[in-house]
Amino acid sequence: MVMAGTTTRKLWTSADLRELPEDRSRRYEVIDGILYVNGVEVPNGDLAAFAGVVTPAPSWRHGDAVEALFLRLHEYLASARVGDVRLAPRDVELAPDSTVQPDLFVVPLMNGRRPRSWEEAGGRLLLVVEVLSPTTARDDRVRKRRLYQRAGVPEYWVVDLDARLVERWRPGDERGELLTEQLVWRPDEAATPLVLDLEAYFADVVGE
Numbered sequence: 002m003v004m005a006g007t008t009t010r011k012l013w014t015s016a017d018l019r020e021l022p023e024d025r026s027r028r029y030e031v032i033d034g035i036l037y038v039n040g041v042e043v044p045n046g047d048l049a050a051f052a053g054v055v056t057p058a059p060s061w062r063h064g065d066a067v068e069a070l071f072l073r074l075h076e077y078l079a080s081a082r083v084g085d086v087r088l089a090p091r092d093v094e095l096a097p098d099s100t101v102q103p104d105l106f107v108v109p110l111m112n113g114r115r116p117r118s119w120e121e122a123g124g125r126l127l128l129v130v131e132v133l134s135p136t137t138a139r140d141d142r143v144r145k146r147r148l149y150q151r152a153g154v155p156e157y158w159v160v161d162l163d164a165r166l167v168e169r170w171r172p173g174d175e176r177g178e179l180l181t182e183q184l185v186w187r188p189d190e191a192a193t194p195l196v197l198d199l200e201a202y203f204a205d206v207v208g209e
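Going by the numbering used here, the letters in the sequence shown line up with residues 2 to 209, in that order.
Written out as structure tokens, the structure is:
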């Protein structure tokens, strides 16, 4: 029974998201049934009431950070031949009530070639990366982190540009590993690891 004066929350599903018209100005995600637009929670899941709300676009610095990391991952994976790195906006469906669009993610190659869809990738992830912004910081660190851990994502990196560090999370971690100088990543079947000079990376993106 719904009490007078209360509002029923609409719980969204991944199938609901697929029915929305394409809108490249907004990033639609659903996490545990809660709808987000550009990282902002939609009150009560009422998208119609939220339609006129202006949500901030990612900053240029955010975009620079994503692109710089994409180039480093792409160069490594082109040599290692174990995966393919992708940029948002691309849907990653992790559960019937959870579909997200990570800033960056890596899927395994399929018979030596890049998968053409999330379904062809077999719903598998090797790595997920989110670059923090003021509107997404809490969800990236808490809600999304828990989602990725439940889904068994082998590695999740949270890039904090202000602190110049990367938080690395694995499925069983209760506390993230804080990295400021170097990040070493070796996915399964890779002959050699990726070694990221974080000081150089943050200098490129943020400045000396």
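For glycine and all other residues, C-beta sits at the position ideal for the given N, C-alpha and C.
1) For P194 and W158, I'd like the C-alpha separation in whole angstroms.
2) Between the Cα of L148 and the Cα atoms of D17, E30, A58, which residue gives the shortest distance?
3) Could you have a look at V130 and say whether DSSP puts it in helix, strand or coil?
4) I need the DSSP call for W61, collapsed to helix, strand or coil.
5) For Q183, does the three-state DSSP call read helix, strand or coil?
6) Please state whether the Cβ-Cβ distance between L179 and V160 is less than 8 angstroms.
7) What is the C-beta distance between D205 and A69, in whole angstroms, given that I count them as a contact (C-beta under 8 angstroms)?
8) Anyone know if the C-beta pair for W119 and D92 falls short of 8 angstroms?
9) Going by beta carbon distance, what residues of the same chain come within less than 7 angstroms of V3, once the five residues before and after it are set aside?
10) Whole angstroms are fine: how far does the CA of R144 sit from the CA of A5?
11) Straight-line CA distance for N39 to L105?
12) Would you say V86 and L78 are within 8 angstroms of each other, going by their C-beta atoms?
13) Would the region 134-143 and the region 36-53 be scored as touching if the rule is three or more Cβ pairs under 8 angstroms?
14) Please state whether the Cβ-Cβ distance between L110 and V154 is less than 8 angstroms.
15) Please name the residue, chosen from L18, H63, K11, that lies closest to A50 on a Cα-to-Cα basis.
16) Measure the alpha-carbon distance for V108 versus H75 and round it to whole angstroms.
17) Pick out whichever of P172, R176, R19, R82 has its Cα sitting closest to the Cα of P116.
18) Expressed to the nearest angstrom, what Euclidean distance is found between the alpha-carbon atoms of T137 and R62?
So, from the listed chains and residues:
1) 16 angstroms
2) E30
3) strand
4) helix
5) strand
6) no
7) 6 angstroms
8) yes
9) Legend: pLDDT at V3 = 43, less than 50; position of this residue unreliable, value from coordinates given subsequently. Excluding residues within five positions, the ones whose Cβ falls inside 7 angstroms are T9.
10) A caution first: A5 carries a pLDDT of 49, below 50, which makes its placement in the model unreliable, though a value can still be read off. When rounded, the distance between both Cα atoms is 30 angstroms.
11) 15 angstroms
12) yes
13) yes
14) no
15) K11
16) 12 angstroms
17) R82
18) 15 angstroms
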